[in-house]
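Visitor: Please read through the structure below; I'll follow up with questions.
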Amino acid sequence: MKAVVCEKWGDPAEVLQVRDLPTPEPGPGQVRVRMLVSPINPSDLLMVRGVYGRQPPLPAVPGFEGVGVVEAGSGLLARLRMNRRVAVPNGGGGDWAEQVVLPARQVWPVPSRLTDEQAATFFVNPASALVMTRHVLGVPSGAWLLQTAAGSALGRMVIRLGRLFGFRTLNVVRRRAQAEELLREGVDAVVATDEESLTERVRALTQGEGVPFAIDPVGGATGGEVAASLARGGRMLLYGTLSGEPLTIDPRVLMVGQKRVEGFWMSEWVRQQSAVTMFLLFRQIGQLIRSGVLATEVAATFPMNDVRAAVRQAATPGRQGKVLLRIGSR
Ligand SMILES: NC(=O)c1ccc[n+]([C@@H]2O[C@H](COP(=O)([O-])OP(=O)(O)OC[C@H]3O[C@@H](n4cnc5c(N)ncnc54)[C@H](OP(=O)(O)O)[C@@H]3O)[C@@H](O)[C@H]2O)c1
Numbered sequence: 288m289k290a291v292v293c294e295k296w297g298d299p300a301e302v303l304q305v306r307d308l309p310t311p312e313p314g315p316g317q318v319r320v321r322m323l324v325s326p327i328n329p330s331d332l333l334m335v336r337g338v339y340g341r342q343p344p345l346p347a348v349p350g351f352e353g354v355g356v357v358e359a360g361s362g363l364l365a366r367l368r369m370n371r372r373v374a375v376p377n378g379g380g381g382d383w384a385e386q387v388v389l390p391a392r393q394v395w396p397v398p399s400r401l402t403d404e405q406a407a408t409f410f411v412n413p414a415s416a417l418v419m420t421r422h423v424l425g426v427p428s429g430a431w432l433l434q435t436a437a438g439s440a441l442g443r444m445v446i447r448l449g450r451l452f453g454f455r456t457l458n459v460v461r462r463r464a465q466a467e468e469l470l471r472e473g474v475d476a477v478v479a480t481d482e483e484s485l486t487e488r489v490r491a492l493t494q495g496e497g498v499p500f501a502i503d504p505v506g507g508a509t510g511g512e513v514a515a516s517l518a519r520g521g522r523m524l525l526y527g528t529l530s531g532e533p534l535t536i537d538p539r540v541l542m543v544g545q546k547r548v549e550g551f552w553m554s555e556w557v558r559q560q561s562a563v564t565m566f567l568l569f570r571q572i573g574q575l576i577r578s579g580v581l582a583t584e585v586a587a588t589f590p591m592n593d594v595r596a597a598v599r600q601a602a603t604p605g606r607q608g609k610v611l612l613r614i615g616s617r
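Sequential numbering of the sequence shown, starting at 288, is according to our numbering.
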């Protein structure tokens, strides 16, 4: 089978190669999935650069999620899923390959009405947006939620979840053009950090109180400003490292008002959940993707052989939507 292989960590556009690897054989309780489509997420690029939270051994095949068809396996669950199209969340990476072997309980049948593109992006961003806002923070109706990188795929899902569940989003982006775009889509509030002070805007919008909830995948100076924008008792989730910079927070910012800054990592949250919680979560995600709330906008789809061009486009600032790899066809 063909797979995208990384033999050393570095610039994805230079180190990734398409190579022939032996077809993997499923063991007891496992399935082999013939992959169809997989997205290029920031976490894939961080892993290839060698700076992700948990690095696999080299050589490595990237790809933390995707969609494929179960083509072999052993055990009852494997038989139930045979020939079905499934979402393939893969915390260890490996989905950028024509075939991948995983525990049968890790793959989830996806509704037939979803396109391959929507099914490929079924898990990482939709689940994180839903879990952070509804399960971890439980943002109540009417409350402000501040989010940075608000124009990202995940950020746009959070904006639509706010509309659905009644919480207000204060959306922070790094470019005025993106702020204008979000305003045209009717968001509650936008701050463009290339032109405005985040803390001043928050003070004005909240009558000096600050925001009770914030989620930040940027870190660095922006993350520090987010922490300084929290209200008394406020909570902030850190869930990404887009700036590549450490977070500097004056201890007094957190001491006064007993605010909390916490990390969030979807794959770790999943490990703490029961099978029932995960079943209900997957069902809700399927419904919310179909209704458009957790849908992903697609910028471009590249054949797997063009992976270097694909990762170059995925890493380009100002890109509109996700870049996907087409690995196989139905
Ligand atoms: N912790 C978890 O479990 C988890 C799960 C899912 C996602 N994530 C994280 O969530 C984030 C968003 O993912 P995604 O797939 O939605 O991303 P995406 O669609 O690829 O979009 C990335 C966005 O980040 C913005 N950005 C990049 N670098 C930035 C910087 N230094 N300062 C401010 N903004 C910056 C980009 O702005 P421009 O448009 O200006 O280029 C773009 O809007 C990523 O950090 C990802 O790793 C974490």
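Virtual Cβ for every residue (Gly too), placed ideally from N, Cα, C.
1) Between alanine 440 and ligand 1, is there a pair consisting of the residue's CB and a ligand heavy atom that are separated by less than 7 Å?
2) So the candidates are Pro349, Ala508, Ser415; which of them puts its Cα closest to the Cα of glycine 297?
3) Output needed for glutamate 265: all residues of its chain with C-beta closer than 8 Å, excluding positions within five of it in sequence on either side, in chain order.
4) Residues in its own chain within less than 6 Å of alanine 359 by CB, not counting five upstream and five downstream?
5) Determine the direct distance from the alpha carbon of valine 489 to that of glycine 495, and round the result to whole angstroms.
6) Verify the contact flag: serine 415, CB atom, against every heavy atom of ligand 1, threshold strictly below 7 Å.
7) Apart from the five residues just before and just after arginine 481, which ones in its own chain have a Cβ nearer than 7 Å to its Cβ?
8) For the alpha helix (DSSP H) that contains glutamine 571, what are its first and last residues?
9) Over what stretch of residues does the alpha helix (DSSP H) that includes alanine 374 continue unbroken?
10) Helix, strand or coil for methionine 334, going by three-state DSSP, please let me know.
11) For alanine 407, which of helix, strand or coil comes out of DSSP?
12) Assuming isoleucine 446 is part of the alpha helix (DSSP H), what are its boundary residues?
13) Looking at the C-beta of valine 394, does it have a partner C-beta in chain C at a distance below 8 Å?
14) Between the alpha carbons of leucine 333 and cysteine 293, how many angstroms are there, rounded?
15) In angstroms, rounded to a whole number, what distance separates the CA positions of glutamine 545 and valine 305?
16) Give the DSSP bridge partners of serine 516, in chain order.
17) Compute the Euclidean distance between the alpha carbons of valine 394 and valine 373, then round it to the nearest angstrom.
18) Mind checking whether threonine 408 and glutamine 434 have CB atoms under 8 Å apart?
19) Using the Cβ count rule (16 or more neighbours within 10 Å means buried), how would you classify proline 413?
20) Starting from glutamine 386, trace the alpha helix (DSSP H) both ways and give me its first and last residue.
21) Take every Cβ of the region 468 to 478, pair it with every Cβ of the region 497 to 509, and state whether three or more of those distances are shorter than 8 Å.
22) Runs of 4 residues minimum, wholly inside the region 473 to 507: which ones carry the alpha helix (DSSP H) assignment?
23) Please name the residue or residues paired with leucine 457 in a DSSP beta bridge.
24) Is it buried or exposed for glutamine 317, if we count other Cβ within 10 angstroms and need 16 for buried?
Guide: On the basis of the coordinates in this document:
1) Correct: alanine 440 has its Cβ closer than 7 Å to ligand 1.
2) When each option's Cα is compared against that of glycine 297, the closest is Pro349.
3) No information on residue 265 is available, as it lies outside the stretch 288 to 617 that the chain covers here.
4) Counting only Cβ-Cβ distances below 6 Å, and skipping sequence neighbours, we find Pro313, Arg319.
5) Rounded to the nearest angstrom, the two C-alpha atoms are 7 Å apart.
6) It does: the Cβ of serine 415 is within 7 Å (strictly closer) of some heavy atom of ligand 1.
7) Strictly speaking, residue 481 in this sequence is aspartate, with arginine absent from that position. Excluding positions up to five away in sequence, the list reads Arg461, Arg462, Arg463.
8) Annotation for glutamine 571: the continuous alpha helix (DSSP H) segment containing it runs 562 to 577.
9) Careful: alanine 374 lies outside any alpha helix (DSSP H), inside the beta strand (DSSP E) at 372 to 374.
10) Here methionine 334 sits in helix by DSSP.
11) Assigned with DSSP and collapsed to three states, alanine 407 falls in helix.
12) From DSSP, the alpha helix (DSSP H) with isoleucine 446 extends over 440 to 452.
13) Included in the structure is just one protein chain, with no chain C present.
14) Taken atom to atom, the span from the alpha-carbon of leucine 333 to that of cysteine 293 is near 12 Å.
15) Each residue's Cα considered, the two are about 51 Å apart.
16) In the DSSP assignment, serine 516 is bridged to no other residue.
17) Annotation: valine 394 to valine 373 spans about 6 Å, alpha carbon to alpha carbon.
18) Taking C-beta atoms as the reference points, threonine 408 and glutamine 434 fail to come closer than 8 Å.
19) When all chains shown are included, proline 413 counts as buried.
20) Counting along the chain, glutamine 386 sits inside no alpha helix (DSSP H); it lies in the beta strand (DSSP E) bounded by residues 386 to 390.
21) No: the two stretches stay apart, fewer than three of their Cβ pairs being nearer than 8 Å.
22) Within the region 473 to 507, the complete alpha helix (DSSP H) runs of at least 4 residues fall at 485 to 492.
23) BP columns for leucine 457 point to Leu433, Ala476.
24) Buried: at least 16 other Cβ atoms inside 10 Å.
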